[in-house]
Amino acid sequence: MNYIDYYETLGISKTASEKEIKQAYRKLARQHHPDLHQGDAKAKAEEKFKLINEAYEVLGDPEKRSKYDQLGMNWQAGDNIHFDPTNPAGNQPYTYQRGADFDNSNFGFSDFFSSIFGQDFTRSEHGSSQARSANYKGEDVDANISLTVNELIHGVEKELYLSLPNVCTTCHGQRFSQQGICPSCGGTGVIEDTRTVKVKIPAGLYPGATLRLKGLGGKGYGTGSAGDLHLHLQVTENASWQVTGSDLETELILYPEQAVLGDSIKVSTPHGPVQLKIQPNTHTGQRLRLKNKGLPKKQGLGDLYLKIRIDIPQNLSAAAKELYQQLHKLNTTDQEALETKIA
340 MNYIDYYETL GISKTASEKE IKQAYRKLAR QHHPDLHQGD AKAKAEEKFK LINEAYEVLG
400 DPEKRSKYDQ LGMNWQAGDN IHFDPTNPAG NQPYTYQRGA DFDNSNFGFS DFFSSIFGQD
460 FTRSEHGSSQ ARSANYKGED VDANISLTVN ELIHGVEKEL YLSLPNVCTT CHGQRFSQQG
520 ICPSCGGTGV IEDTRTVKVK IPAGLYPGAT LRLKGLGGKG YGTGSAGDLH LHLQVTENAS
580 WQVTGSDLET ELILYPEQAV LGDSIKVSTP HGPVQLKIQP NTHTGQRLRL KNKGLPKKQG
640 LGDLYLKIRI DIPQNLSAAA KELYQQLHKL NTTDQEALET KIA
């Protein structure tokens with residue numbers, strides 16, 4: 340038996356989680372289901388669909404996946420791979436041998452649809468699918484949301500525009516209407532429901548955290564409850580703050596006299612202003628650390644780093660220029676004295 344990379348078949352990495360494997364399978368199974376294709380495209384879809392289900396049957400089972408990772412295509416004895424392409428959960432015995440003829444009757448869309456939404460379906464005498472029960476839970480949805488530094492620290496209310504997979508309300512997931520293929524869902528049994536939801540992000544969440552919002556995922560069918568929305572939080576960098584994990588860095592501009600003589604100045608941080616003491620003889624490029632003034636992390640807060648840059652005032656008065664000239668003469672005299680001493 341030739342080696343087939345099941346991970347490549349599903350378009351996932353070898354470190355993919357069970358959830359990522361299931362999501363990849365759902366996406367590809369919808370795309371390549373034979374009932375959604377005609378003519379030559381249907382035959383190609385059948386072969387692809389068989390391979391997708393074969394890959395999912397192995398990778399979707401932790402024990403089989405472990406054997407496959409160790410032994411490859413020899414993960415089980417013999418050249419036959421035992422699985423039911425229409426029943427990825429393995430509820431019914433079925434033997435499939437690579438190269439065997441594809442029987443489309445074994446790959447009804449109702450079987451695929453039930454594997455996606457966790458619902459049992461039967462096929463009527465006329466070939467149409469009918470649900471045994473009209474109640475099932477909606478799909479969970481994953482989404483990324485980018486927040487500013489201030490929004491992560493202090494919390495915010497956001498308005499999100501979501502596109503959620505739901506059972507077609509025209510054909511009730513059956514794919515067909517009295518006119519033939521359902522015009523609303525195009526024969527997939529699933530429609531994308533776009534809606535707007537307001538979400539309150541609590542204060543103190545850290546980058547990489549996941550917020551579970553119960554009931555804001557895909558709609559349930561019948562009396563089934565809605566799925567959940569899983570928001571994965573990210574931080575947006577801007578001109579004010581450079582983000583490194585939970586630490587922040589920004590630039591602090593000082594005038595020459597502040598750097599030379601030292602000073603006490605008020606500095607803005609995401610947590611509010613603080614009074615900062617500048618030590619004498621501070622140089623450009625130095626980094627000052629303000630502890631616990633960065634982003635939240637799993638335990639505590641990160642730090643804020645201030646990178647020193649010394650600048651010259653744009654509009655100097657005549658008196659200020661005179662002082663700089665005197666300083667220049669003084670520095671020149673000191674330098675000449677030092678050179679004479681060395682010589």
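Numbering (my numbering), first residue to last: 340 to 682.
Ideal placement from N, C-alpha and C gives every residue a C-beta, glycine not left out.
Given the structure is predicted, the values throughout are model-derived calculations rather than measurements.
When the Cα atoms are used, what is the spatial distance from I391 to P504?
The count along the sequence shown starts at 1 and reaches residue 391 at position 52. The count along the sequence shown starts at 1 and reaches residue 504 at position 165. Spanning the two alpha carbons is a distance of roughly 21 angstroms.
Examine the Cβ distances between the region 522-538 and the region 491-509 and report whether three or more of them are shorter than 8 angstroms. Short answer: they touch.
My output table needs one value for T348: the three-state DSSP class, helix, strand or coil.
Position 9 of the sequence shown, counted from the start, is the residue given in the question as residue 348. In the three-state scheme derived from DSSP, where H, G and I count as helix and E and B as strand, T348 is classed as helix.
Contact between the region 586-606 and the region 569-577: three or more CB pairs below 8 angstroms?
-> Too few Cβ pairs lie closer than 8 angstroms, so no.
- Message: Let me confirm a value: L655 is counted as buried when at least 16 other C-beta atoms fall within 10 Å, else exposed. Which label applies?
- Response: Here residue 655 refers to the residue found at position 316 of the sequence shown. Taking a 10 Å sphere around the C-beta of L655, we find fewer than 16 other C-beta atoms and assign the residue as exposed.
message = Given a cut-off of 8 angstroms on the beta-carbon distance, is the pair L499 and T549 in contact?
response = Taking the first residue of the sequence shown as 1, we reach residue 499 at position 160. Taking the first residue of the sequence shown as 1, we reach residue 549 at position 210. The answer is no: Cβ separation not under 8 angstroms.
> Quick one, which of T487, D479 and A380 has its alpha-carbon nearest S564's?
Replying inline: Taking the sequence shown and counting its residues from 1, one reaches residue 564 at position 225. Taking only the C-alpha atoms, the option nearest S564 is D479.
Taking the alpha carbon of K497 as the point to measure from, which residue in L570, D481, G556 and G554 has its own alpha carbon closest?
Position 158 of the sequence shown, counted from the first residue, corresponds to residue 497. Taking K497 as reference, the option from L570, D481, G556 and G554 with the minimal CA-CA separation is L570.
What does DSSP give as the partner residue(s) for P635 in the beta ladder? In the sequence shown, residue 635 corresponds to position 296, counting from 1. L640, per the DSSP bridge assignment.
Spatial neighbours of E357 within its chain, please: CB distance less than 7 angstroms, with the 5 preceding and 5 following residues excluded, ordered by chain position. If you number the sequence shown from 1, residue 357 lands on position 18. In its chain, beyond the 5 residues on either side, no residue has a beta carbon closer than 7 angstroms to the beta carbon of E357.
May I have a chain-ordered list of the alpha helix (DSSP H) segments no shorter than 4 residues that lie completely inside the region 342-406? Correct list: 345-349, 357-371 and 378-398.
Notebook entry, point to check: In angstroms, rounded to a whole number, what distance separates the CA positions of L398 and T608?
Noted result: Here residue 398 is taken as the residue at index 59 of the sequence shown, counted from 1. Here residue 608 is taken as the residue at index 269 of the sequence shown, counted from 1. In a straight line, the C-alpha of L398 is about 48 angstroms away from that of T608.
Using the three-state DSSP reduction, which class does K537 fall into: helix, strand or coil? Here residue 537 is taken as the residue at index 198 of the sequence shown, counted from 1. Strand.
Worksheet item: CA-CA distance, E385 and Y364?
Response: For the purposes of this step, residue 385 is taken as the residue at position 46 of the sequence shown. For the purposes of this step, residue 364 is taken as the residue at position 25 of the sequence shown. Whole-angstrom Cα-Cα distance: 15 angstroms.
| Is the region 597-614 close to the region 632-640, with three or more CB pairs under 8 angstroms? | Note that the region 597-614 touches the region 632-640; at least 3 beta-carbon pairs, one per stretch, sit closer than 8 angstroms.
- [ ] In angstroms with no decimal places, state the Cα-to-Cα distance between H493 and K389.
- [x] Numbered from its first residue, the sequence shown carries residue 493 at position 154. Numbered from its first residue, the sequence shown carries residue 389 at position 50. In a straight line, the C-alpha of H493 is about 50 angstroms away from that of K389.
For G411, does the three-state DSSP call read helix, strand or coil?
-> Here residue 411 corresponds to residue number 72 of the sequence shown, with the count starting at 1. Helix.
task = Just the C-alpha distance for G557 and A355, rounded to the nearest angstrom, thanks.
result = Here residue 557 refers to the residue found at position 218 when the sequence shown is read from its first residue. Here residue 355 refers to the residue found at position 16 when the sequence shown is read from its first residue. Looking at the two C-alpha atoms, the distance is approximately 23 angstroms.
- Which runs of the alpha helix (DSSP H) fall wholly inside the region 556-604 and span at least 4 residues, in chain order? Runs of the alpha helix (DSSP H) spanning 4 or more residues and lying entirely within the region 556-604 occur at 595-600, in chain order.
Could you pull out every residue in the same chain whose Cβ sits closer than 6 angstroms to the Cβ of L367, ignoring the five residues on either side in sequence? Taking the sequence shown and counting its residues from 1, one reaches residue 367 at position 28. Taken in chain order, the residues that qualify are I391.
Give me, in chain order, the residues of the same chain whose beta-carbon lies closer than 7 angstroms to that of S352; leave out the 5 immediate sequence neighbours on both sides.
Within the sequence shown, residue 352 is the residue found at index 13, counting from 1. The residues are Y346.
(request) Report the partner residues of D481 according to the DSSP bridge assignment. (result) As a working mapping, residue 481 is identified with position 142 in the sequence shown. In DSSP, D481 forms a bridge with H569.
* If you run the structure through DSSP and keep just helix, strand and coil, what is I647? -> Taking the sequence shown and counting its residues from 1, the one referred to as residue 647 is at position 308. In the structure shown, I647 sits in a strand (DSSP, three-state: E or B).
Judging by CA-CA distance, which residue of S523, F515 and L555 is the nearest neighbour of L501? Reading the sequence shown from its first residue, position 162 is the one you call residue 501. If we check each option's Cα against that of L501, L555 comes out closest.
Review point. If you count every other CB in all the chains shown that lies within 10 Å of the CB of L669, and 16 or more means buried, which is it?
Key: Sequence index remark: in the sequence shown, residue 669 carries index 330 (1-based). Its Cβ having fewer than 16 others within 10 Å, L669 is exposed.
Where L662 and S603 are concerned, what is the direct C-alpha to C-alpha distance, given to the nearest angstrom? Position 323 of the sequence shown, counting from 1, holds the residue named residue 662. Position 264 of the sequence shown, counting from 1, holds the residue named residue 603. For L662 and S603, the distance between alpha carbons rounds to 22 angstroms.
Per DSSP, the bridge partner or partners of Y500: The residue given as residue 500 occupies position 161 in the sequence shown. DSSP lists T535 as partners of Y500.
- request: For G411, I'd like the list of residues in its chain whose CB is within less than 6 angstroms of its CB, leaving aside the five on either flank, ordered along the chain.
  value: Counted from its first residue, the sequence shown places residue 411 at position 72. Scanning its chain for C-beta atoms nearer than 6 angstroms, with the 5 sequence neighbours on each side dropped, one finds around G411 the residues Y342, in chain order.
Report task. Measure the alpha-carbon distance for Q665 versus P619 and round it to whole angstroms. Result -> Locating residue 665 in the sequence shown gives position 326, where the first residue counts as 1. Locating residue 619 in the sequence shown gives position 280, where the first residue counts as 1. Looking at the two C-alpha atoms, the distance is approximately 20 angstroms.
- Query: Using a Cβ-Cβ cut-off of 6 angstroms (strictly less than) and excluding sequence neighbours within five positions of V488, which residues of its own chain qualify?
  - Reply: Numbered from its first residue, the sequence shown carries residue 488 at position 149. Cβ within range, chain order: W580 and P609.
Assuming D567 contacts L544 under a Cβ cut-off of 8 angstroms, what Cβ separation, rounded to an integer in Å, is found between them?
Looking up residue 567 in the sequence shown gives position 228. Looking up residue 544 in the sequence shown gives position 205. About 17 angstroms separates the Cβ atoms of D567 and L544, ruling out a contact at the 8 angstroms cut-off.
Review point. With a CB to CB cut of under 6 angstroms and the five nearest residues on each side skipped, what residues in its chain are close to L591?
Key: Here residue 591 refers to the residue found at position 252 of the sequence shown. L645 and I647.
Discussion item. Measuring only the C-alpha atoms, how far is T623 from T672?
Written reply: Locating residue 623 in the sequence shown gives position 284, counting from the first residue. Locating residue 672 in the sequence shown gives position 333, counting from the first residue. Straight-line spacing of the CA atoms in T623 and T672 works out to 24 angstroms.
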